[in-house]
Amino acid sequence: MQYMTTKCFCDYLSEGKLSIILIHALQNSIAADRIKGLMSHRGSRIELSDELKSYILSEMMAAGSLDFKRGAALQLHEAMLKTSGELENMMRENKLLRHVLDA
Numbered sequence: 026m027q028y029m030t031t032k033c034f035c036d037y038l039s040e041g042k043l044s045i046i047l048i049h050a051l052q053n054s055i056a057a058d059r060i061k062g063l064m065s066h067r068g069s070r071i072e073l074s075d076e077l078k079s080y081i082l083s084e085m086m087a088a089g090s091l092d093f094k095r096g097a098a099l100q101l102h103e104a105m106l107k108t109s110g111e112l113e114n115m116m117r118e119n120k121l122l123r124h125v126l127d128a
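Sequential numbering from 26 applies to the sequence shown in the working numbering.
This is the structure:
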């Protein structure tokens, strides 16, 4: 919760930037219309309050958007491991890449 009190808490929401989490929430949240309405302010350059950002974040969590993003990241990681293994079988071991992927 300390992160939520910092100045840059969910700035991408005020900036109108679409993230994979926000897109998922807009497609799956029962509050998608309300989130869209809150996000439509972006052309007016009005900053969303931390309270509104917290609300949007809670709706993202309720829609499973953070879990979706985590799952997508894990799938990408697995694909990178598989591809690097295939390349290493054709060429030679890449210890640096393996270290980065295992970190």
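Where is the CB? At the ideal position from N, CA and C, for every residue including glycine.
- Comparing alpha carbon positions, the residue from His-124, Asp-127, Ser-90 closest to His-49 is Ser-90.
- The beta carbon of Leu-73 sits closer than 6 angstroms to the beta carbons of Leu-38, Ser-39 from its chain, once the five residues preceding and following it are set aside; these are given in chain order.
- Two segments are said to touch when three or more pairs of C-beta atoms, one from each, lie closer than 8 angstroms; by this definition the segment 53 to 60 touches the segment 77 to 94.
- Shown here, Phe-93 sits in a helix according to DSSP, grouped into three states.
- Here Ile-60 has Ala-50, Leu-51, Ser-54, Ile-81, Glu-84 as same chain residues with Cβ atoms under 7 angstroms from its own Cβ, once five neighbours each way along the sequence are excluded.
- Shown here for Leu-106: same chain residues with a beta carbon closer than 7 angstroms to its own, the five before and five after excluded, namely Leu-126 in chain order.
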